[in-house]
Each structure stands twice: as C-alpha cells, then as structure tokens.
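Numbering (my numbering) for the sequence shown: 3 to 835.
All residues carry an ideal CB built from backbone N, CA and C; glycine is no exception.
Quick caveat: nothing in here was measured; it's all calculated off a predicted structure.
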Amino acid sequence: MINDLDANATVVEDLFKVPSITVYIASLLNTKDYINFRQVNKRVYHEVLTDDLDRTIWMDKLTVIGLSKSTEAGEVDKKDEIEQQQELLIEVTDKNNDIDATNVFDRLSSFTDKNAKDVFKLFFDLLEKFCSKLYHNNMSHFFPAKYEKDPLSQAKILNNIQRYNKCNINDIDYYTKIEQNLVILKEIFINSVLQEAERTYQNADYKSTATFISVLLLLNEEVYAVEFYKSKIDYTDFENWLPEDLLVKKEEKSNTSLLESETELSKMETSSSNKGDDQVIFDYDKLSDALEKLQNYLNDNIDTIDILFGNKYPMILNIIETFIQEVILTPINQLLGDNEEYIVLFFPRVYTMITKMLCEDLHDSINGGETFHKVVKEFLNIYLTDNIVKYLNLTPMYVRNEISKEFKAHDEKVRSEEMQKNEEIYNSLRNQSEIGTDIGTDKNDFLSSFTKLFKMSNAQSDRQNMEDQLKLAYNLNTISNNLKNIKTLVSLDLCYKVVQLVKEKIDEVNYFTEIDTIANIVKTKCQALFKILVNELCEAHVKPAFEKGTKLLQQYDPNEIDKIDINLQAFQTAKVEPLVNFTELMNICDIILQMISIFYKNELLGKNIIDKNRDFLNDVVQAKKKFETVVDDYVAEGLNIGISKLMDKINFVFNTVQLPDDFNPEVGSSGASTLEIKPTQCAMQVVELLENHCFLLNGATDKGTVDVYQQEIGERFFNEVVKHIKGSLISEDGGIILICDLNYYYDFFSKKLRQKSLVRLYQGLKNIGQLYIISGKDSKDLGKMISDLGKFQGLFTQEEIYEFVQRRADWIRVKRDVEKVMYGLGVKDCVIM
Numbered sequence: 003m004i005n006d007l008d009a010n011a012t013v014v015e016d017l018f019k020v021p022s023i024t025v026y027i028a029s030l031l032n033t034k035d036y037i038n039f040r041q042v043n044k045r046v047y048h049e050v051l052t053d054d055l056d057r058t059i060w061m062d063k064l065t066v067i068g069l070s071k072s073t074e075a076g077e078v079d080k081k082d083e084i085e086q087q088q089e090l091l092i093e094v095t096d097k098n099n100d101i102d103a104t105n106v107f108d109r110l111s112s113f114t115d116k117n118a119k120d121v122f123k124l125f126f127d128l129l130e131k132f133c134s135k136l137y138h139n140n141m142s143h144f145f146p147a148k149y150e151k152d153p154l155s156q157a158k159i160l161n162n163i164q165r166y167n168k169c170n171i172n173d174i175d176y177y178t179k180i181e182q183n184l185v186i187l188k189e190i191f192i193n194s195v196l197q198e199a200e201r202t203y204q205n206a207d208y209k210s211t212a213t214f215i216s217v218l219l220l221l222n223e224e225v226y227a228v229e230f231y232k233s234k235i236d237y238t239d240f241e242n243w244l245p246e247d248l249l250v251k252k253e254e255k256s257n258t259s260l261l262e263s264e265t266e267l268s269k270m271e272t273s274s275s276n277k278g279d280d281q282v283i284f285d286y287d288k289l290s291d292a293l294e295k296l297q298n299y300l301n302d303n304i305d306t307i308d309i310l311f312g313n314k315y316p317m318i319l320n321i322i323e324t325f326i327q328e329v330i331l332t333p334i335n336q337l338l339g340d341n342e343e344y345i346v347l348f349f350p351r352v353y354t355m356i357t358k359m360l361c362e363d364l365h366d367s368i369n370g371g372e373t374f375h376k377v378v379k380e381f382l383n384i385y386l387t388d389n390i391v392k393y394l395n396l397t398p399m400y401v402r403n404e405i406s407k408e409f410k411a412h413d414e415k416v417r418s419e420e421m422q423k424n425e426e427i428y429n430s431l432r433n434q435s436e437i438g439t440d441i442g443t444d445k446n447d448f449l450s451s452f453t454k455l456f457k458m459s460n461a462q463s464d465r466q467n468m469e470d471q472l473k474l475a476y477n478l479n480t481i482s483n484n485l486k487n488i489k490t491l492v493s494l495d496l497c498y499k500v501v502q503l504v505k506e507k508i509d510e511v512n513y514f515t516e517i518d519t520i521a522n523i524v525k526t527k528c529q530a531l532f533k534i535l536v537n538e539l540c541e542a543h544v545k546p547a548f549e550k551g552t553k554l555l556q557q558y559d560p561n562e563i564d565k566i567d568i569n570l571q572a573f574q575t576a577k578v579e580p581l582v583n584f585t586e587l588m589n590i591c592d593i594i595l596q597m598i599s600i601f602y603k604n605e606l607l608g609k610n611i612i613d614k615n616r617d618f619l620n621d622v623v624q625a626k627k628k629f630e631t632v633v634d635d636y637v638a639e640g641l642n643i644g645i646s647k648l649m650d651k652i653n654f655v656f657n658t659v660q661l662p663d664d665f666n667p668e669v670g671s672s673g674a675s676t677l678e679i680k681p682t683q684c685a686m687q688v689v690e691l692l693e694n695h696c697f698l699l700n701g702a703t704d705k706g707t708v709d710v711y712q713q714e715i716g717e718r719f720f721n722e723v724v725k726h727i728k729g730s731l732i733s734e735d736g737g738i739i740l741i742c743d744l745n746y747y748y749d750f751f752s753k754k755l756r757q758k759s760l761v762r763l764y765q766g767l768k769n770i771g772q773l774y775i776i777s778g779k780d781s782k783d784l785g786k787m788i789s790d791l792g793k794f795q796g797l798f799t800q801e802e803i804y805e806f807v808q809r810r811a812d813w814i815r816v817k818r819d820v821e822k823v824m825y826g827l828g829v830k831d832c833v834i835m
C-alpha cells in the first residue's frame, strides 16, 4: 500500500516536471487552491510558475472582475491614475483607511504589471471570506456587525461579491455553488427589503422607503421597485371623474346672428344644436374643477416619486403615461362624442385646459428631468391625436357653413327690409292719391335725388289716369330706394366679424402646429380656412352685391321720368346718386380687400403657415388673386355703367336745360342781340356734375385707377359735347356763348382735373368754337380754317369739321364760298354730262 502511494506521488511529481501540464492545472484552480498549488515544491514555485506567469494569472483575475490594466508608458493622465492607485495600496496597510467591502470596486479601478498581485490581494482579503461562507452555506451573521442595520451597504457587498466571484470561474464547481447560494441570499434579502419598504410606506415614512427603493435599484431589481410603487396606485376614485352635466341645454331659441353674438362665437362657449331650437353651453368651470383633482393626484405622485426614486430611475413618466391611458383618455373621447359641432366649438379649449392643468401646471420633477413637462405634453398629444385630427378635419366645413349661414341671414334681412320699405312706399303713395295729394310734390315724397328734379303739374295729374300715375310713382320710388341701398349691399361689419371668426379659428388650429407629426396637416387646414374665407366673401357676399349693384345701375334711366311734366326750376340735383352709391360700395370692397391682404400677411406669412419664398405656387394665393380679380372686374364694369349713366345724365341736361336760343339768340330790331358773355346755365350744371363725380375715387383707390376713371369720363364727355354741338344751331353771336361754354369745360379739365391727356381734346374743342364767330362775309376765311387740320389738334378730319360748320345758322349763305375754298369749285362749276 505504501509502495502504491509512493508510486503515485512519483507519477504526480513527474507530471509537475512538465511545465505545460503544471500551468494548465494552475489555470483550473480557484484563488486559494492556486496559492496552495504554487507552494507544492520549489521547482513549481521557482521554475514553472515563475513571477512573470504568476503576474499574468493575477492580472487575468483582475481583468475578469472588471478592472482595467494601465501601462507605465501610458499617457499623462494614466500615470496620474497609477500613482493614485499606488497611494491607495499604501493606505491599505494603514488601519485607519476607509476602503472596505462596500467600496473597494469604487476606490480601485485599474492596475499595472507591477502591482497586480497587491491589488488582487486587497480584493481577496475583503471579499473572499464572503465567498467562503456562501460556498459552505454559512448564512448566519453573514454581514459584519457594523452593516447589520445598513441595507444599502449590504446591497453593495452583495453586488461586490457577485462581481468578485467571477475570478473563481475557472473552478466552475466552486464558482457555481457560490453563485447559487448568492442568488438565494439575495432573494431572502430582497423580500426583507420589500417588507420594510411596505412598512415604512404605510407609515408615510417616505424617506426610509426611499432607502429600500435605492437598495432594490442598486441590486438591479428595478422591476421590484416599479411594481412595489405601482401596487400603491389606485384609480378607483377616478372612475367617474368627469361630470356628466358639462354640456347643458338651455330651452330657448337661438337665432342669434354673428353680429349679435360676438362674445359667444369668439369665446366658443356656446353652440346652437342641429335643430336650431336649443342652445348648448359648456361648463368649463366644472371641467376645471374635475381636472384640478387629477392635477393634485399627479402632483402628489410627482412629489412622492421624487422622494422615493430621485433621479436614479425614470418612474414618473411611466406612471403618467399609464394614468393618461387608464383614466383620462376614455372620458375625453366620450365627452363630445360624434357631434361634429361640439367637437369644433369645444375641443380646442378642452384640449388647452387639459394640457395646461395636466402638464404645464404640474410640479417640476427631479425624476422626470428638465424635459419633464415637454415629454408629458408629447404623451398627451400622442393619445389625443385622433381627437385633434378629427377636430382639424371638421373645422373647415363648420366654418364654411357658419359663414354661409351668416351671409344668407344677412341677405334675408336685406330682402325683408326692402320688401317692407316697398310696402311702405306703396301705402304712402296710395294714401296720397286717395286724399288728393299731389304725389310728386308731397313733402314726404320718397323719390331719390334724381326724381326730385321733377314734379307733376295739376293739369297733367288731371290728364293721367290716377292708377297709372300711382304705378309710375311706385316704380320710380322703389327703384330710387334700391339705388340708395347699393352701398349697403355689402356689410362691412359682417365681413369684419367673419374675418375675425376665421382668424380665431386659424389661431386655434395653428396652436397644434407644435405637434410635429401633424404639423403639415395643421398648415393645410389653416390654408383651407383662408380659402374658405376668401371664397365665401367673394361668392356669397361681394359678388352678389356687385351683380345687384350693376344691375340697378343698368336700370337707372332719368329719361323714364319723361312721362311726368318737367319743372325746370326744380332742377337741383348735381350728382348721379347711383354712381355715388356704387363708388361707396367700391370703397367698402376695397377696405375688405385690404383686410384680406393684411390677414394674409400677418396670419399666413407671419406665422409661417405659407412659405413666403414659395407662396406664388400655393393655391391660397390663387384664391386671393381670384377674389381681387373678381372685385376689380366688377368695379370696372360698375364704373363703366356709372360713367355711361353720368353721360346719360349730362345728355339729359343738354336736352332739357340747354335752351334753343342759348347758341342762337334772337336778334333785336336794331339788328344786334343783347348778350351776357358767360357760360350757360347748362354748362355750369354739367361742370358741377363732372366735378362731383370725377373726384369720387380720390383716396379710395390707387392713382392709376383714378387716372383711368377720370380720363374715361373726360373722353366720353368730349364725345357728348361733340354730339351736342352737332345737334345745335349756332349763330355768330351764339358762337360767342358756345366758346364761353367750351372755355368753361377746358378750364375744368386743365386746371381742376389736371389730366394732361384730356387738355388736347378740349383745346381742339375751343378752336371748333371759332368756326361760328367768323362773319358770313368772310366765308372764304372760314373755308381756309376748315382746311387747316392742325388748328384742331389733329382731332377731327376735314369731313368732321365740315359737319361742325354745317351747324352755322347762316350755312345756306356761306355754303358755296366755303365749298369753293375747300374743293376749288362751286356747284355752278359742275356740268351734267
């Protein structure tokens, strides 16, 4: 037996003579066994497991437990670190040093070739004893006495043991048993921590609870920590947190128009139901009270979590997200239901209140970090996205319907007032006819300014059938009243309120542009609202107004009054009232265009709803330009009609006020007429008409439009004067009066109107007047003047000048001499072949 043992020992000893086998065996040993194995014999100690190999083994163990190797030839900061580590190793021998099992990994993080063994020895001395206890399943008095009431230090020791035990992994049995027992010990420890956490939490000792939470987090048991806190959350108190009576119906009819309910529509606090016979009011105070309870609950959780978790583990955001899902979302979704009108009217403010009270007004959170409020708002936006998108989709159509409804109500109101006025006119005229009052001269006559030019004589009233007279007077009065109302066809107040409504809606919609995921949708809806505003203003209000206005202008005809006797002394009108009123309508629409331009600049460009560098590509700009074009076209058409009516009025004055003997006065017995050299009454009234109308657009539109307008009047009046001259019989003395009138016209256009392009026309007319003051005795000079086309500014051909000369009262006498000068022969020189 002894011989066998000796033989085996010899075999083992022979094995140790093989270096590779010895090194391999050493690599499979735990720390204690390796130290013992190295001391088996001198050969193993000195020849096989040399200092270099020994150093390598210690460095490998340190690397396994997470320390890093530093080279002495490293960088400067590495050298500093090495020096610090050396100093620490020196301190280890000092009984007063503060390195222990709880902080050894915090204090020592690197090693060098030279100090690897010393560094590992420190870890071995502090932690190996715990591994030994675990290996032998010795759990009693596991922690040193000074840590028995310090769970945080105990947790650090457990973590350090687990990390240190990795150096024993080459002895898998030893390592595994330690690891298994460590898991059991940690489970016991964690259960104990949870019990203590529960006890202290129930006693509201949150600072102590925070310590146990920190232990769980230190042990990487976040799940236990989270579940512990979640187990304390109870949402049963919030099952019916949202009051059921937030929407209150008032049993009263609500036919309130936009102009009469500015506050309601602007604040969006009331809404007419679909039937139009109930008014619904949203009680925001009750909603605020309900949200305040949620806010207080969340703030309590924020404060508690800051105490328990601090900034060690992100807990509060998880709690708030769950709270949004389980408490807030469903009641909010059910609040407004599928009622599209309620969603449009109430959702923006509901959303604002939710985000303000449950996000912006929440306490700051250490656990949530600096971006806490921002992240909470992002959570709210994510879960409310469906509601927001639904609101965005419904708003444009709602606004279109509201604007359309308001314009229709306005039109109906105007029609109703017009019918009522017409009825009053008819009844008034009927009463006058029944009591025998002269309809044309009654002080309560409703005729417009142009009908005031006329009155019916008693003789004429006797001749006309009373019913026909009444019908004529009624028609004139109703037309006149409608013409007066041209300027009221567009309600500037209503347009302003509509613009304000759209502005408020765009502001509400644009509020959601901060949500990146729907920012493009928001901009699209804002643009849609602007297009609706422009299109509705154009199609539902401005365009119909201009169509009616131009139609009324077209119907205006002073000659209709020819059916009634004219009293020349009653001529007092110096304006074409329909044109004046249309100009006022034009001014109102110009103000509306300015409002739209300002709105576009401030709301769309100013708020980056449209890219100002690419706005010409946007259909919003096209809609705006279309509206401007429609207004410009109607303005041009209306002014054209208005100018035509002005010319009709002037022509009417020519026909009624210009007396036949103005330009052909009777010659007295002495052979000379007594003339007062001045413009005729007709010319003065015509110029007064021109003066009252040529400056209507000044200050109301751009200078280019004013110039075109004045030039058009000047050119058309020129043609009327030409026709008037060609229709008059003019003597030599009358020619002097004609020149006075022509000079009067010239002075107006050259000195008051100051349109250079027109001066040439009226200078030519002044020269036409000279055709009539040349004596019949100087007929040859007259013929020479006709042939001098340059004298008339090149405005007239010789044939036209010939027409003017034919209006001379003595034309028959001077005709032969004039034609002889013009054509070089007379009638007697012609021979019939």
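Helix, strand or coil at Ser406 according to DSSP, with G and I counted as helix: helix
Contacting residues, own chain, Cβ-Cβ under 8 Å from Phe187 (five flanking each side not counted): The question names Phe, but residue 187 is Leu in the sequence shown. The answer, listed in chain order, is Leu136, Met141, Phe144 and Leu160.
Terminal residues of the alpha helix (DSSP H) in which Phe284 lies: No alpha helix (DSSP H) holds Phe284; the beta strand (DSSP E) holding it covers Gln281 to Phe284.
Backbone CA spacing between Leu744 and Asp634 [nearest angstrom]: 34 Å
Cα-Cα separation between Cys591 and Ile304, rounded to whole angstroms: Our two residues, Cys591 and Ile304, have alpha carbons roughly 57 Å apart in a direct line.
Short Cβ contact (8 Å threshold) for Val346 with Val504: no
Cβ contact (3+ pairs, closer than 8 Å) linking the segment 305-325 and the segment 370-380: Between the segment 305-325 and the segment 370-380, the count of Cβ pairs shorter than 8 Å is three or higher; the stretches touch.
Chain-order list of residues whose beta-carbon lies under 7 Å from that of Ile645 (same chain, five-residue window excluded): Glu714, Ile715 and Arg718
N- and C-terminal bounds of the alpha helix (DSSP H) containing Thr211: Note, Thr211: alpha helix (DSSP H), Tyr208 to Leu220.
Minimum C-alpha distance to Asn604 - residue among Phe532, Pro667 and Leu581: Phe532
Candidates Lys168, Glu223 and Tyr166: closest to Glu189 by CA position: Glu223
Classification of Glu147 by the beta-carbon crowding that lies within 10 angstroms, buried from 16 upward: Before going further, note that residue 147 is Ala rather than Glu in the sequence given. By the 16-neighbour rule on beta-carbons within 10 angstroms, Ala147 is exposed.
Coarse secondary structure for Ile776, derived from DSSP in three states: coil
Residues near Val682 by beta carbon distance below 7 Å, same chain, minus five either side: For clarity, residue 682 is Thr in the given sequence; the question names Val instead. Closer than 7 Å at the Cβ level, and outside the excluded window around Thr682, lie Gln660, Asp664, Ile739 and Asp743.
Beta-carbon gap between Phe132 and Trp60 smaller than 8 Å: Against a cut-off of 8 Å, the Cβ pair of Trp60 and Phe132 comes out as no contact.
Rounded C-alpha distance that separates Ile598 from Gln281: 32 Å
Straight-line Cα distance separating Val536 from Gln624: If you draw a straight line from the Cα of Gln624 to the Cα of Val536, it comes to about 10 Å.
Alpha-carbon spacing of Leu396 relative to Tyr237, whole angstroms: Rounded to whole angstroms, the separation of the alpha carbons of Tyr237 and Leu396 is 33 Å.
Cα-Cα separation between Asn170 and Leu31, rounded to whole angstroms: 8 Å
Collapsed DSSP secondary structure at Leu249 in the structure displayed: strand
Any non-hydrogen atom of the ligand SAM within 7 Å of Ser155 CB: In terms of ligand content, the structure shown is empty, and the ligand SAM therefore cannot be addressed.
Coil, strand or helix - Phe122 by DSSP: helix
Distance, Lys251 Cα to Leu539 Cα: Rounded to whole angstroms, Leu539 to Lys251 spans 32 Å at the Cα level.
Pro662, buried or exposed, once every other Cβ within 10 Å from all chains shown has been counted against 16: exposed
Assigned exposure category for Gly701 - 16 Cβ within 10 Å defines buried: exposed
Buried/exposed call for His412, threshold 16 Cβ in 10 Å: buried
N- and C-terminal bounds of the alpha helix (DSSP H) containing Gly701: Gly701 -> no alpha helix (DSSP H), and no H or E assigned at all.
Beta-bridge pairing of Arg810 - partner residues as DSSP gives them: Ile732
Chain C within 8 Å of Gly771, Cβ atoms only: No chain C is part of this structure, which consists of one protein chain only.
6 Å Cβ shell around Leu221 - same chain, five flanking residues per side excluded: Ala157, listed in sequence order.
Pick from Ile534, Asp302 and Lys392 that is closest to Tyr602, judged by C-alpha positions: Ile534
DSSP bridge partner residues for Ser367 (one or two, in chain order): Partner(s): none; Ser367 has no beta bridge.
Rounded C-alpha distance that separates Ile803 from Glu722: 16 Å
Terminal residues of the alpha helix (DSSP H) in which His695 lies: Where His695 is concerned, the enclosing alpha helix (DSSP H) starts and stops at Gln683 to Cys696.
First through last residue of the alpha helix (DSSP H) which encompasses Asp635: Asp621 to Thr658
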